[in-house]
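Position 10 (the sequence shown) corresponds to 9 in numbering that gives the first Met the number 0; numbering is contiguous.
Contents: one structure, followed by commentary.
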Amino acid sequence: MLNIVIFGPPGSGKGTQSENLIKKYNLAHISTGDLLRKEISTNTQLGALAKSHMDKGELVPDDVIIGMIDSYLDRMGNVNGVIFDGFPRTVAQAQALKELLASYKTSVAVCLNLEVPNDELMTRLIERGKTSGRSDDNEETIKARLDVYDKQTKPVLDFYKKEGVAVNIKGVGSIDAIFADIADAVDSKNK
Ligand code: ADP
């Protein structure tokens, strides 16, 4: 299986580049942010809990997220591989993913680290907020999310560096040029 973690701060282009990866490699896609927003829009208990964290720019608790991934993998069926988008966001989540995938006799093939400077992220996210309808795309919450990324999520990169699967990708430039670098990185890890 070709399992890819698409990694990077909010606004780094994970969702956009996931779409490109799905088309080129015919992979399944799981975005924990999208799953959580679906729970919110259908007014579930999990959605209410998630919203209370998301609206402050905080992470949703690990056990909730890991449970979601577990049941997703359980129902996934026969696929070429999975793109994990917005997950893992803590080292505990990365460790849990490693164990879950091991139970399917597979692992993360590559962690693509999209690098974008903070001022560019801020501009992109405020711009997205004008049309996204997302309640967490306002200046105050964006700042909190970038801070949470630095403190809680960045250490995940060291986890994947130690696993020998992390690749840095410059996340500024045209979408196509960035994807060309991504495809090169995936192909070199997928031999
Ligand atoms: P972005 O990448 O723009 O921050 P996401 O849709 O990935 O957007 O995430 C939105 C929010 O959903 C996060 O700020 C967080 O509150 C919650 N969330 C998403 N994925 C996770 C995760 N793996 N662990 C904890 N919280 C998460």
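Think of the CB as a built atom: it goes at the ideal place given N, C-alpha and C, for glycine as much as any other residue.
- For residue 57 and residue 143, the gap between their C-alpha atoms comes out near 7 Å.
- Note on residue 13: 16 or more other CB atoms within 10 angstroms of its CB, so buried under the neighbour-count rule.
- Shortest gap from the CB of residue 28 to any heavy atom of the ligand ADP: 7 Å or more.
- Pairing residue 35 with residue 70, the inter-Cα distance amounts to about 14 Å.
- The C-alpha of residue 110 lies about 17 Å from the C-alpha of residue 10.
- With a beta-carbon spacing of about 3 Å, residue 113 and residue 7 fall inside the 8 Å limit used to define contacts.
- The DSSP-derived three-state label of residue 86 is coil.
- Taking C-beta separations shorter than 8 Å and ignoring five residues to either side along the sequence, the partners of residue 40 in its chain run 46, following chain order.
- Residue 82 places its beta carbon 8 Å or farther from that of residue 187.
- Linking residue 92 to residue 77 through their CA atoms gives a straight-line distance of about 23 Å.
- By the C-beta density criterion, residue 79 is exposed, having fewer than 16 other C-beta atoms within 10 angstroms.
- Placement of the Cβ of residue 129 at a distance of 7 Å or more from every heavy atom of the ligand ADP is found.
- Here the distance from the Cβ of residue 0 to the nearest heavy atom of the ligand ADP is not below 7 Å.
- Residue 106 sits in coil when the DSSP states are folded into three classes, being neither helix nor strand.
- Taking the C-beta atoms as reference points, residue 185 is found nearer than 8 Å to residue 3.
- In the structure shown, the three-state DSSP call for residue 114 is strand.
- The shortest C-alpha to C-alpha distance from residue 100 to any of 88, 75 and 62 is the one to 75.
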